[in-house]
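Working notes, beginning with the structure itself.
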Amino acid sequence: MVTAALETALLAGRGGGPRDMSVVRDDCSGWVTNAPGAVLDVRSQVPLRVRLSAPDSPLVSLGLVLEPLENGTESPRPGQSGSGVCVPPAPQGSAQDIEPLDEGRWVAWVSTARPEQTVAVRVSVERADGTPDPARQTRDVPAGEGVPARPLEEGTFGGVVMGANTRPVLLEGRAGGPRPAEGLGLRCAGWIAEVPDHVLVLERTLPLRLVASAPEGIVLAVRLEDGTWICSDEDEVREVRVGVAIPAGRHEIFVASLDPHQDPEYTLAISR
Numbered sequence: 003m004v005t006a007a008l009e010t011a012l013l014a015g016r017g018g019g020p021r022d023m024s025v026v027r028d029d030c031s032g033w034v035t036n037a038p039g040a041v042l043d044v045r046s047q048v049p050l051r052v053r054l055s056a057p058d059s060p061l062v063s064l065g066l067v068l069e070p071l072e073n074g075t076e077s078p079r080p081g082q083s084g085s086g087v088c089v090p091p092a093p094q095g096s097a098q099d100i101e102p103l104d105e106g107r108w109v110a111w112v113s114t115a116r117p118e119q120t121v122a123v124r125v126s127v128e129r130a131d132g133t134p135d136p137a138r139q140t141r142d143v144p145a146g147e148g149v150p151a152r153p154l155e156e157g158t159f160g161g162v163v164m165g166a167n168t169r170p171v172l173l174e175g176r177a178g179g180p181r182p183a184e185g186l187g188l189r190c191a192g193w194i195a196e197v198p199d200h201v202l203v204l205e206r207t208l209p210l211r212l213v214a215s216a217p218e219g220i221v222l223a224v225r226l227e228d229g230t231w232i233c234s235d236e237d238e239v240r241e242v243r244v245g246v247a248i249p250a251g252r253h254e255i256f257v258a259s260l261d262p263h264q265d266p267e268y269t270l271a272i273s274r
């Protein structure tokens with residue numbers, strides 16, 4: 003079971019199962035598991051945009067079922083309350099907007115169109131009200147001279163373009179994902195997303211220092227444009243760093259979670 007703040011959440015798990023939602027609710031369809039789903043903490047009432055994906059099964063249609071979790075009760079079954087939210091299975095790649103949820107804890111299941119389809123899934127949730135997503139913000143570090151980094155709308159949690167005179171920046175996101183990082187490069191370990199958390203574009207070769215911090219164990223992994231992987235030292239788990247001269251080009255940054263069942267929030271500082 004995974005707990006995450008719902009204004010910005012990135013979850014990994016399994017979708018599908020033996021429970022037919024159309025029997026439970028007339029306005030719902032799809033098949034889900036009876037096992038407890040991911041627990042989501044809704045901190046404010048805002049419209050939400052949900053993207054569902056199954057990287058290993060791109061043709062499987064996916065939906066979402068949300069049920070309120072009352073204080074002092076066990077995890078509900080999908081469709082139990084009659085007051086939950088149901089997004090029927092649809093082809094992957096399209097965003098689904100849902101109305102604001104009441105503040106509190108909700109349980110989420112990913113549904114598939116047929117009962118025999120049980121797949122590894124990834125759920126991305128962000129605000130849909132036009133307010134900038136706090137996990138996609140690029141913040142300049144106040145100290146030092148230079149020009150602000152140019153933000154990029156690439157990567158799950160955004161990216162930056164940096165040059166010789168760019169000030170240090172801070173990026174934020176959630177670590178982890180369904181893909182094992184072990185074997186990608188020296189010291190690489192943990193679990194990463196299928197797509198990069200951040201994209202870093204350098205206008206010239208720069209000696210850079212990347213430092214990621216999180217309350218749980220993480221690994222910082224950088225895939226250079228030529229396909230080479232660089233990972234942080236395995237002796238560091240909560241504040242991890244990569245310091246190396248990185249050539250000009252487009253590079254991808256992943257923050258791995260050492261625990262496949264956790265997706266800790268992190269901050270990533272990039273400086274010279």
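Just add 2 to the spot in the sequence shown (first one is 1) and you have the numbering used here.
Note that CB positions come from ideal geometry on N, CA and C, so glycine has one too.
P182 beta carbon less than 8 Å from that of W193:
Walking along the sequence shown from the start, residue 193 turns up at place 191. Walking along the sequence shown from the start, residue 182 turns up at place 180. Yes, they are a contact pair.
Using the rule of at least 16 other Cβ atoms within 10 Å of the residue's Cβ for burial, across every protein chain shown, is T282 buried or exposed?
Residue 282 lies beyond the residue range present for the chain, which begins at 3 and ends at 274; the question has no answer from this structure.
What does P182 pair with, by DSSP beta-bridge criteria?
As a working note, residue 182 is residue 180 in the sequence shown. Paired residues: W193.
Just mark T207 as buried or exposed, buried being the case when its beta carbon has 16 or more other beta carbons within 10 Å.
Residue mapping note: residue 207 aligns to position 205 of the sequence shown, counting from 1. Exposed is the call here.
Note down the Cα distance separating V196 from V149, rounded to an integer number of angstroms.
Your numbering for residue 196 matches position 194 in the sequence shown. Your numbering for residue 149 matches position 147 in the sequence shown. Rather than Val, the amino acid found at residue 196 in this sequence is Glu. Straight-line Cα distance between these residues: approximately 32 Å.
Can you check DSSP and say which residues form a bridge with Q98?
Position 96 of the sequence shown, counting from 1, holds the residue named residue 98. Answer is V52, bridged to Q98.
Tell me where the alpha helix (DSSP H) around V26 begins and ends.
Translated into the one-based positions of the sequence shown, residue 26 becomes position 24. From DSSP, the alpha helix (DSSP H) with V26 extends over 23-26.
Inside the segment 188-271 only - beta strand (DSSP E) runs reaching at least 3 residues:
200-204, 208-215, 220-225, 231-233, 241-248, 251-259
Report, in whole angstroms, the separation of the C-beta atoms of V67 and P80, which I expect to be a contact under 8 Å.
Residue mapping note: residue 67 aligns to position 65 of the sequence shown, counting from 1. Residue mapping note: residue 80 aligns to position 78 of the sequence shown, counting from 1. In this structure, V67 and P80 form a Cβ contact; the two beta carbons are roughly 5 Å apart against a cut-off of 8 Å.
Would you report the Cα separation of S113 and L64, rounded to the nearest angstrom?
As a working mapping, residue 113 is identified with position 111 in the sequence shown. As a working mapping, residue 64 is identified with position 62 in the sequence shown. C-alpha separation (whole angstroms): 6 Å.
Do the CB positions of V162 and L154 come within less than 8 Å of each other?
By one-based count along the sequence shown, residue 162 stands at place 160. By one-based count along the sequence shown, residue 154 stands at place 152. Going by C-beta atoms, V162 is nearer than 8 Å to L154.
For the beta strand (DSSP E) containing E69, name the first residue and the last one.
Position 67 of the sequence shown, counted from the start, is the residue given in the question as residue 69. Taken as a continuous stretch (DSSP letters only), the beta strand (DSSP E) holding E69 covers 64-70.
Who are the Cβ neighbours of T230 in its own chain at under 8 Å, not counting the five residues just before and after it?
Counting from 1 along the sequence shown, the entry for residue 230 is found at position 228. Excluding sequence neighbours, T230 sits near G187.
Given a cut-off of 8 Å, decide if D199 and G157 are closer than it, judged by their beta-carbon atoms.
Working through the sequence shown from its first residue, we reach residue 157 at position 155. Working through the sequence shown from its first residue, we reach residue 199 at position 197. Going by C-beta atoms, G157 is nearer than 8 Å to D199.
Please tell me whether S46 and V123 are closer than 8 Å, where the distance is taken between their beta carbons.
For the purposes of this step, residue 46 is taken as residue 44 along the sequence shown, with counting starting at 1. For the purposes of this step, residue 123 is taken as residue 121 along the sequence shown, with counting starting at 1. Not in contact: S46 and V123 (Cβ atoms no closer than 8 Å).
When V121, V52, V109 are compared against D99, the one with the closest alpha-carbon
Sequence index remark: in the sequence shown, residue 99 carries index 97 (1-based). Nearest C-alpha to D99: V52.
Here's a check: name, in chain order, each residue in its chain whose Cβ is nearer than 8 Å to the Cβ of A191, leaving out the five neighbours to either side.
The count along the sequence shown starts at 1 and reaches residue 191 at position 189. A183, E184, V221, C233, E236, A258, L260.
Taking only the alpha-carbon atoms, compute the straight-line gap between V224 and R27 and give it to the nearest angstrom.
The residue you call residue 224 lines up with position 222 of the sequence shown. The residue you call residue 27 lines up with position 25 of the sequence shown. Going from the Cα of V224 to the Cα of R27 covers about 45 Å.
So V62 packs on V121, CB below 8 Å; how close in whole Å?
Taking the sequence shown and counting its residues from 1, one reaches residue 62 at position 60. Taking the sequence shown and counting its residues from 1, one reaches residue 121 at position 119. About 5 Å; that satisfies the 8 Å criterion.
Thinking V41 and L71 are a contact (beta carbons under 8 Å), I'd like their distance in whole angstroms, please.
Numbered from its first residue, the sequence shown carries residue 41 at position 39. Numbered from its first residue, the sequence shown carries residue 71 at position 69. Contact flag correct, Cβ pair sits at about 6 Å.
Skipping 5 residues on each side, what residues in its chain have a beta carbon closer than 7 Å to that of A216?
The count along the sequence shown starts at 1 and reaches residue 216 at position 214. Listed in chain order, the non-local C-beta contacts of A216 below 7 Å within the same chain comprise A177, R240, P266, E267, Y268, local neighbours out to five positions each way being set aside.
Distance CB(I248)-CB(P170) smaller than 8 Å:
The count along the sequence shown starts at 1 and reaches residue 248 at position 246. The count along the sequence shown starts at 1 and reaches residue 170 at position 168. Not a contact, by the Cβ cut-off of 8 Å.
Whole angstroms are fine: how far does the CA of C88 sit from the CA of G106?
Walking along the sequence shown from the start, residue 106 turns up at place 104. Walking along the sequence shown from the start, residue 88 turns up at place 86. If you take the alpha carbons of G106 and C88, they lie about 18 Å apart.
Compute the Euclidean distance between the alpha carbons of D22 and S31, then round it to the nearest angstrom.
In the sequence shown, counting from the first residue as 1, residue 22 sits at position 20. In the sequence shown, counting from the first residue as 1, residue 31 sits at position 29. Roughly 7 Å separates the two Cα atoms.
Return yes when the C-beta of L42 is under 7 Å from any heavy atom of the ligand PLP, and no when it is not.
This structure does not include the ligand PLP; it has no bound ligands of any sort.
Can you check which of these residues, G18, D228, R211, is closest to A37 by C-alpha distance?
Counting from 1 along the sequence shown, the entry for residue 37 is found at position 35. Looking at the Cα atoms, G18 is the closest of the given residues.
Taking the beta strand (DSSP E) that C30 belongs to, which residues open and close that run?
Position 28 of the sequence shown, counted from the start, is the residue given in the question as residue 30. Looking at the DSSP string, C30 is not in any beta strand (DSSP E), and its letter there is neither H nor E.
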